[in-house]
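Numbering (the numbering used here), first residue to last: 2 to 294.
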């Protein structure tokens, strides 16, 4: 006989962007209650950062991986730019040829600066100034590394279905006007879209209505299915950290493998449990592989 577990998914915070004097606006975690899933198990997770804050169409078994999105250089000093002093989102304008529009992290304002001779792009590892035009070098999660995130003005500037324009850049706890970046569209099951070693794809929820689900690359650990954890960054790629509430109301926080509810693939002795409020990103409803009882 299989006994039901009760489970909740708790998206954690993306944390602080560690570029000097810049943080990103993140709000508190929220809970999602789920019924018993296939195999009777259920979970509470500490998944990826809640954004207050990568491409291709999603296929069954996971959201599509992130395709490269190149930046665009300045249009030259004589061009008329629609924004002052320059435009962050590609195609950029307002900066001389060979320079890019970016955010000065100390003065919290837009500036033009030279493009690195060997610029890096979408979701690639960077140092503070090595991202191509249209991208900014940020950390967006506990244990994550500096990677390039794309400037955006709307969700249409991001890679669907997991990429959303929800990370608001801040300086000294104040939003920098017109300075947002996309989350990375990635696949939490296969980790496709997260290009940097030591990073993994996790699921988070938009902190404000309509509270959509999203993906982003955050720090990863080495813990495997069924091992105890305190946060998703301790678990290996393809695995999140979830708190199980057992039939006797005792609780246990474990690393559990992400799965597609409609096309599940779980380790032996586990089944793909769905959440009461479905976690739907593109065409995929995500769940977690929970122990059979």
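Even glycine gets a Cβ: it sits at the ideal position worked out from N, Cα and C.
Same chain only: Cβ atoms within 6 Å of residue i, ignoring 5 sequence neighbours per side
i	result
residue 270	293
residue 220	142, 143, 144, 145, 234
residue 109	172, 177
residue 282	64, 162, 163, 214
residue 101	116, 134
Nearest-angstrom Cα separation, counted from residue j out to residue i
i	j	result
residue 276	residue 288	7 Å
residue 88	residue 94	5 Å
residue 158	residue 183	8 Å
residue 39	residue 260	Per-residue confidence for residue 39 stands at a pLDDT of 34, beneath the threshold of 50, marking its modelled position as unreliable; no derived number is given.
residue 209	residue 197	29 Å
residue 246	residue 291	11 Å
residue 190	residue 148	21 Å
residue 225	residue 258	8 Å
residue 170	residue 206	18 Å
residue 114	residue 263	48 Å
residue 266	residue 240	13 Å
residue 118	residue 96	16 Å
residue 85	residue 132	21 Å
residue 212	residue 274	21 Å
residue 185	residue 192	11 Å
Extent of the continuous beta strand (DSSP E) run through residue i
i	result
residue 111	110–115
residue 90	That residue, residue 90, is in no beta strand (DSSP E); it is neither H nor E in DSSP.
residue 105	100–105
residue 177	175–182
residue 271	271–274
residue 293	Counting along the chain, residue 293 falls outside any beta strand (DSSP E), and DSSP gives it neither H nor E.
residue 207	First-last for residue 207: undefined, no H or E at that position.
residue 236	First-last for residue 236: undefined, no H or E at that position.
residue 151	148–153
residue 217	214–220
Proximal residues to residue i (C-beta, below 7 Å), its chain only, five neighbours per side dropped
i	result
residue 112	103, 105
residue 22	In this prediction, residue 22 scores a pLDDT of 24, lower than 50, which makes its location untrustworthy; no coordinate-derived value is stated.
residue 268	226, 258, 290
heavy atom of the ligand HEM below 6 Å from residue i C-beta
i	result
residue 209	The model depicted lacks the ligand HEM and carries no ligand whatsoever.
Nearest to residue i (by Cα), restricted to the options the options
i	options	result
residue 1	119, 174, 194, 114	Missing from the structure shown is residue 1; the chain here goes from 2 to 294 and no further.
residue 161	171, 187, 268	187
residue 256	242, 263, 249, 136	242
residue 174	262, 263, 154, 107	107
residue 216	167, 153, 273, 268	167
residue 222	238, 272, 268	238
Contacting residues, own chain, Cβ-Cβ under 8 Å from residue i (five flanking each side not counted)
i	result
residue 153	90, 159, 166, 181, 182, 183
* Pairing CB atoms from the segment 122–129 with CB atoms from the segment 202–209, are three or more of them under 8 Å? -> no
* Counting Cβ pairs closer than 8 Å, one from the segment 226–234 and one from the segment 167–182, do we hit at least three? -> no
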